[in-house]
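Position one of the sequence shown corresponds to residue 123 (our numbering), numbered consecutively onward. Beta carbons: idealized from backbone N, C-alpha and C, even for Gly. Owing to the predicted nature of the structure, the values given are computational and were not obtained by experimental measurement. Below is one structure, written out as structure tokens, with a few remarks after it.
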Amino acid sequence: MRVLHCVPSLGGGGAERQLTYLAQAFVEMGWDVHVAIVQGGPNLTRLERTGATIHRLHGISNYDPRILYQLLGTIRRIKPDVAQCWLLQMEVMGGLASLLSRIPWVFCERASEEAYPSSLKMWLRVKVGRLATAIVSNSQTGDRYWAARTREGVKRRVIPNCVPFEEIVATLPVNLAEIGVTTGDPVLLIAGRMEPQKNFETLIRALRLVMASRPVQAVLCGEGSLRGLVERLVEQNGLANRVRVVGYVSNLWSLMKRADVTVSVSWFEGSPNVVLEAMACGCPLVVSDIPTHREILDEDAAVFVDPANPQRVADGIIRSLGDPEKAQQRARIAQDHVQRYSLSTVAKEYADLYRELALRNRPASERVRDSEGRSPRSN
Numbered sequence: 123m124r125v126l127h128c129v130p131s132l133g134g135g136g137a138e139r140q141l142t143y144l145a146q147a148f149v150e151m152g153w154d155v156h157v158a159i160v161q162g163g164p165n166l167t168r169l170e171r172t173g174a175t176i177h178r179l180h181g182i183s184n185y186d187p188r189i190l191y192q193l194l195g196t197i198r199r200i201k202p203d204v205a206q207c208w209l210l211q212m213e214v215m216g217g218l219a220s221l222l223s224r225i226p227w228v229f230c231e232r233a234s235e236e237a238y239p240s241s242l243k244m245w246l247r248v249k250v251g252r253l254a255t256a257i258v259s260n261s262q263t264g265d266r267y268w269a270a271r272t273r274e275g276v277k278r279r280v281i282p283n284c285v286p287f288e289e290i291v292a293t294l295p296v297n298l299a300e301i302g303v304t305t306g307d308p309v310l311l312i313a314g315r316m317e318p319q320k321n322f323e324t325l326i327r328a329l330r331l332v333m334a335s336r337p338v339q340a341v342l343c344g345e346g347s348l349r350g351l352v353e354r355l356v357e358q359n360g361l362a363n364r365v366r367v368v369g370y371v372s373n374l375w376s377l378m379k380r381a382d383v384t385v386s387v388s389w390f391e392g393s394p395n396v397v398l399e400a401m402a403c404g405c406p407l408v409v410s411d412i413p414t415h416r417e418i419l420d421e422d423a424a425v426f427v428d429p430a431n432p433q434r435v436a437d438g439i440i441r442s443l444g445d446p447e448k449a450q451q452r453a454r455i456a457q458d459h460v461q462r463y464s465l466s467t468v469a470k471e472y473a474d475l476y477r478e479l480a481l482r483n484r485p486a487s488e489r490v491r492d493s494e495g496r497s498p499r500s501n
């Protein structure tokens, strides 16, 4: 199989990270994997290590029509069996290039309806998405969004985010002194893009309540448009000596293995990478009570809290810190739950879908030969 992934950048987000995991798995399967990008980012080095062929596109903005022209040229040269398009720019540009080139393409839904306010961009996204060969959502909530919007004939699948267990197991806990946490106090870890979805304002108010009752250190990891606001809120709430805002980190698993609790109180999610990876690391969890967290966790595996109520969030954190033995018991149950999201399992689900789409796109004579056991493609 020859597969083309189209993504705007290799930034530090969960979608970009998931792409690198899948690229690695497909290369190891012997596939010819190509990735078209406009910008680099923290995950570029990881993608380069997979052995995938990277195609650098050029544009002065997300709307530069030259990106579409370059994608058409890339598709014409490499002749992929199937393309997968990630994130808004490429959901539109990559989708249009695939349609014009008449190759099967997968629209990749990474969130849920709450992420999409009414706008011209979202209208265009839906219009192009309705023309996809298949739509893969990483959660049931994402799939429900498209169930009400897709035309007949568009294949829909729910394939969750994957977890690279072997890498996580091999990762050692971090020395917290490296990031300025030097006391013996319990450590809270909060990680994610600093955007409204992640609910950092409620979280910081909750941290103030927690720290008024007990000595705790917190580490906030991530970048985003709200980072300046988050840092100001930390200062305004008198938390600067107990809360470290460290930006994007490449050793998040090491932090998870050292933290006493990972906290995620997002308003909404798709398939939350931070939560899945904390589960794999065996770190106790306090999470917002939202449908996507309920898809992967239950009351035996995590503490659920109301994301609109700082006191409830604080109570959940205090509950977890106050009974470490029970917290570790929940963490072990969560670790068992997350085994079903292994990289090999998720990659196989994508591989089966790609083969199905590629086979449907071939002339009838080739489909007959394939069904008789001949190789669908020789690279």
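Query, Result
"Candidates Ala473, Cys405, Asp411, Ser386: closest to Gln376 by CA position", "According to the sequence displayed, residue 376 carries Ser and not Gln. For the residues Ala473, Cys405, Asp411, Ser386, the minimum Cα distance to Ser376 belongs to Cys405."
"Exposed unless 16 or more other CB atoms sit within 10 angstroms - verdict on His177", "buried"
"Residue span of the beta strand (DSSP E) that contains Arg124, given as start and end", "124 to 131"
"C-alpha distance - Gln451 paired with Ala423, whole-angstrom precision", "8 Å"
"Pairwise C-alpha distance: Leu193 and His180", "10 Å"
"Rounded C-alpha distance that separates Ile312 from Ala340", "7 Å"
"Beta-carbon proximity check, Ala237 vs Ser220, cutoff 8 Å", "no"
"Closest by C-alpha distance to Ala174, when choosing among Asn359, Leu141, Phe322, Gly369", "Leu141"
"Coarse secondary structure for Ala158, derived from DSSP in three states", "strand"
"Every unbroken beta strand (DSSP E) within the region 334 to 400, with a cutoff of 3 residues, ordered by chain", "339 to 343, 365 to 369, 383 to 386"
"Helix, strand or coil at Ser497 [DSSP, three-state]", "Note on Ser497: pLDDT 43, under 50, position unreliable in the model; the coordinate value appears next. Coil at Ser497, not helix or strand."
"Cut-off 7 Å between Cβ atoms - residues of its own chain near Ala502, not counting five sequence neighbours on either side", "Any question about residue 502 goes unanswered here, given that the chain covers just 123 to 501."
"Alpha-carbon spacing of Arg273 relative to Ile182, whole angstroms", "33 Å"
"Alpha carbon of Leu126 to alpha carbon of Thr263, nearest angstrom", "26 Å"
"Neighbourhood of Ile418 by C-beta, 6 Å cutoff - its chain only, sequence neighbours within 5 removed", "none"
"Leu398 to Glu357 span [Cα, whole Å]", "30 Å"
"For Val365 and Leu329, believed in contact at Cβ under 8 Å, the rounded distance", "6 Å"
"Minimum C-alpha distance to Ser131 - residue among Tyr476, Arg171, Leu209", "Leu209"
"Proximity winner among Val258, Lys379, Ala137, Arg434, relative to Thr293 (alpha-carbon distances)", "Lys379"
"Cβ distance (whole Å) where Leu298 is taken to contact Val385 below 8 Å", "Not really, about 17 Å apart at Cβ, beyond 8 Å."
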